[in-house]
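For what it's worth, this note's numbering labels the leading residue of the sequence shown as 321, then goes sequentially.
Backbone N, C-alpha and C define an ideal beta-carbon position, used for all residues, glycine too.
See structure below.
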Amino acid sequence: MSSIVSEFQNKKLKFFLLGFLVILGAMVTLGSWALSSPPGSGPDDEYHLSSIWCSHGYRIQFCEKSTSIYEAKVPLQLHRNGGPRTIFCYAGDSKISASCIRGLDPEAVTKLESGKRFNTSSIASNFYKSNGLLVSPNVNRSILTMRFLQIFIFFTLISFSIYSSGERKWAVLLALFVGMVPVGLFIIPSTSPSSWAIAGVVSAGICVMNSFISSKKSYRITAVIGFLVAVLLTRNVRADVNIMLAICITLGLISGFVIKETNRSLKFDRARLLRVAFLAAPGLLYIHLRVFSLYPWRIAKFILGGSFYSLSNDSPQAFLGFLGGSIQLGSADFAPTPVVLILMSVGFVTFIVTTARFVPLKVKISSGFGLSLLFFLPYWFSLGAIGLASRYIMAIYLVSLVTFSASAVSSRRLANFKFSKSALVTIFLTISLGQSLSLHQSIRRYITGTNISGWNLNEGAQWWWTHGPSPLSIWILGSVAFSVALFIVLVMTNYDRAEV
321 MSSIVSEFQN KKLKFFLLGF LVILGAMVTL GSWALSSPPG SGPDDEYHLS
371 SIWCSHGYRI QFCEKSTSIY EAKVPLQLHR NGGPRTIFCY AGDSKISASC
421 IRGLDPEAVT KLESGKRFNT SSIASNFYKS NGLLVSPNVN RSILTMRFLQ
471 IFIFFTLISF SIYSSGERKW AVLLALFVGM VPVGLFIIPS TSPSSWAIAG
521 VVSAGICVMN SFISSKKSYR ITAVIGFLVA VLLTRNVRAD VNIMLAICIT
571 LGLISGFVIK ETNRSLKFDR ARLLRVAFLA APGLLYIHLR VFSLYPWRIA
621 KFILGGSFYS LSNDSPQAFL GFLGGSIQLG SADFAPTPVV LILMSVGFVT
671 FIVTTARFVP LKVKISSGFG LSLLFFLPYW FSLGAIGLAS RYIMAIYLVS
721 LVTFSASAVS SRRLANFKFS KSALVTIFLT ISLGQSLSLH QSIRRYITGT
771 NISGWNLNEG AQWWWTHGPS PLSIWILGSV AFSVALFIVL VMTNYDRAEV
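Next up, the structure:
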């Protein structure tokens, strides 16, 4: 008896130690990405930063009343059209480093200038107000602190999803590790509402699935709490986030039901299917009414009207953006090297093909439905002049990967699930190298410009944070931390079958 207790305690200690290393590795990785780019490098940062500065009303030094009700005065350095006197002085040319933000004149730092680029609606109000609490006269320090706040929010929301996943936790983590590189790692520690949108919507979708299939009551309760927190925190955080919530919750609901019924029997329980259909109907109806451009006859009309180019070009570009295949990292003048797209594509395909052998057909269909939306929604967004940025639909991508991966290690198939050594090595090398190269290039773009090459990021650095580790140190820390965390997740997904 004592040997059994001792073995259980040792296993639990090993689990906590490995879990701690994964959490630490993920934190260091996201922290490295937070430091990899200067203030103003996030997507639409001039809009979001002005909104943050004015989120608590008019305040001296931060946001003051203008002559027009449609404008507000914010620090000149937050104006993108302020030329070389703003924190956006490097934007537009990837060969220019961010060193120009060090030479801002005193007036650019203290003077307030009128601008229309700020949010006056309820959209993203929680996001803006929370970050607005961190506003200070030191813009650089404020923005850096906000980035680490987003990391904290992300870990808070995702922790509900991981804990409630039980024996599927490592498979869920693996899907997130594969899906987050490189765009997700850049967006999460940014001052864009997309950070909260991705974290919240993904957590809500996973928690809905876990509430169906988790074996322990504590897991189901955690899933419900996590779902409520995610929905309340991210509701209206972005103009399209409610649509994303409806889609991902529906995906989680369908996947949870399918996995649970597959575990019980090879046949569907029709009564339960009808109940789930009844529950899913409001969400599907909401999507149908809101995404009116997706009516079949509307799509046919657009295609016949000459918009087929958007479907055949913009949609694939949005999907490739998840893998680092387009201009998605920071200001719209920088994209990862093509080798990142190649590495990530190989890793992604290996993950999908290897996992698919253990995924029930019904889950393949539901996950395939989610992935198909990744092609139609960018088409709708481009028609609505929103743009095709991958971050808008990244939550659907991640939830589809998670439900796919989680179903492969659930109950009946649990004992048979195992990656081959070649698949493990391929996924580890491609994903870790893709992350490392993306981080290196992101730092390189801003410290010297992309016209300078070389692995030594310290050599010739024209810009970096006033305090903290050097650029090379941050890259090494971020690369090693991610690789160690990914290695642990891969090994534990492959070999750990105990629900601790």
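Residue i to residue j span [Cα, whole Å]
i    : j    : result
K587 : V679 : In this prediction, K587 has a pLDDT of 49, which is less than 50 and means its spatial position is unreliable; nothing more can be read from the coordinates.
S793 : K385 : 43 angstroms
S361 : N460 : 12 angstroms
S725 : M500 : 14 angstroms
V800 : T387 : 52 angstroms
S481 : K489 : 8 angstroms
R558 : G688 : 25 angstroms
F547 : T554 : 11 angstroms
L350 : I471 : 7 angstroms
C409 : D364 : 14 angstroms
F532 : I569 : 12 angstroms
F612 : F447 : Here the model assigns F612 a pLDDT of 42, short of 50, so the residue's position is not dependable, and the following value carries that caveat. Taking the straight line from one Cα to the other gives about 28 angstroms.
H787 : Q397 : 21 angstroms
W373 : G412 : 24 angstroms
Y815 : F335 : 12 angstroms
V683 : T675 : 12 angstroms
F737 : R677 : 9 angstroms
N279 : L744 : Because the chain here runs from 321 to 820, residue 279 falls outside it and cannot be looked at.
L643 : F497 : 12 angstroms
M466 : A354 : 10 angstroms
P656 : S758 : 6 angstroms
P636 : T750 : 21 angstroms
L369 : S515 : 14 angstroms
V659 : G645 : 9 angstroms
P513 : I716 : 16 angstroms
S445 : P509 : 18 angstroms
H399 : A392 : 12 angstroms
S692 : A781 : 43 angstroms
S371 : K741 : 49 angstroms
N556 : R422 : 36 angstroms
A638 : D560 : 16 angstroms
S773 : I672 : 34 angstroms
I574 : I541 : 19 angstroms
W721 : L806 : For the record, residue 721 in the displayed sequence is Leu; it is not Trp. Those two C-alpha atoms are separated by around 16 angstroms.
Closest residue to residue i among the options (Cα-Cα distance)
i    : options                : result
I685 : N771, S752, I579       : I579
Y539 : Y483, G339, N778, T406 : Y483
T511 : S462, N458, N778       : S462
E366 : K332, S434, I767       : S434
P502 : V729, F340, S665       : S665
S727 : T768, L681, Y717       : L681
F739 : L777, W795, L810, V804 : L810
L797 : I767, I421, Q755, I808 : Q755
I416 : G774, I808, I767, W784 : I767
I654 : T770, S803, Y390       : According to the sequence as given, residue 654 is Phe; it is not Ile. The shortest C-alpha separation from F654 is found at T770.
F577 : M529, I541, K536, K537 : M529
S352 : V673, R400, D560, H760 : H760
S485 : K536, V455, G504       : K536
I563 : S575, G520, S803       : G520
M812 : E487, F474, I473       : E487
W785 : S375, V394, P395, C420 : C420
W795 : V561, N778, L806       : N778
T476 : L721, L333, I545       : I545
V455 : R422, A418, F474, P395 : P395
A709 : G641, L721, F748       : G641
Residues that residue i bridges to, as DSSP identifies them
i    : result
R379 : C383
L432 : P395
Whole-Å CB distance - residue i paired with residue j, under 8 angstroms assumed
i    : j    : result
P359 : I407 : 5 angstroms
R711 : I507 : 5 angstroms
T746 : T670 : 5 angstroms
A491 : V729 : 4 angstroms
I808 : L453 : In fact, because the Cβ distance is near 35 angstroms, the residues do not count as touching under 8 angstroms.
N451 : L432 : At roughly 19 angstroms, the Cβ-Cβ gap does not stay under 8 angstroms, so N451 and L432 are not in contact.
V549 : L565 : Going by Cβ atoms, the distance from V549 to L565 rounds to 13 angstroms, so no, they are not a contact pair.
S356 : S762 : 4 angstroms
G572 : V719 : 7 angstroms
L341 : V804 : 7 angstroms
M714 : I567 : Actually they are not in contact, since the Cβ atoms of M714 and I567 sit about 12 angstroms apart, beyond 8 angstroms.
R765 : S414 : 6 angstroms
Residue-level contact to chain D via CB, residue i, 8 angstroms cutoff
i    : result
G339 : The question asks about chain D, but that chain is absent: this structure has only one protein chain.
Cβ-heavy atom distance, residue i to the ligand FAD, below 7 angstroms
i    : result
N451 : With respect to the ligand FAD, the structure shown offers nothing to examine, as it has no ligands at all.
Spell out a yes or no on whether the region 364 to 381 and the region 524 to 543 are touching, meaning 3 or more CB-CB pairs, one atom from each, closer than 8 angstroms. no
Stretch pair the region 329 to 347 + the region 774 to 791: three plus CB contacts closer than 8 angstroms: no
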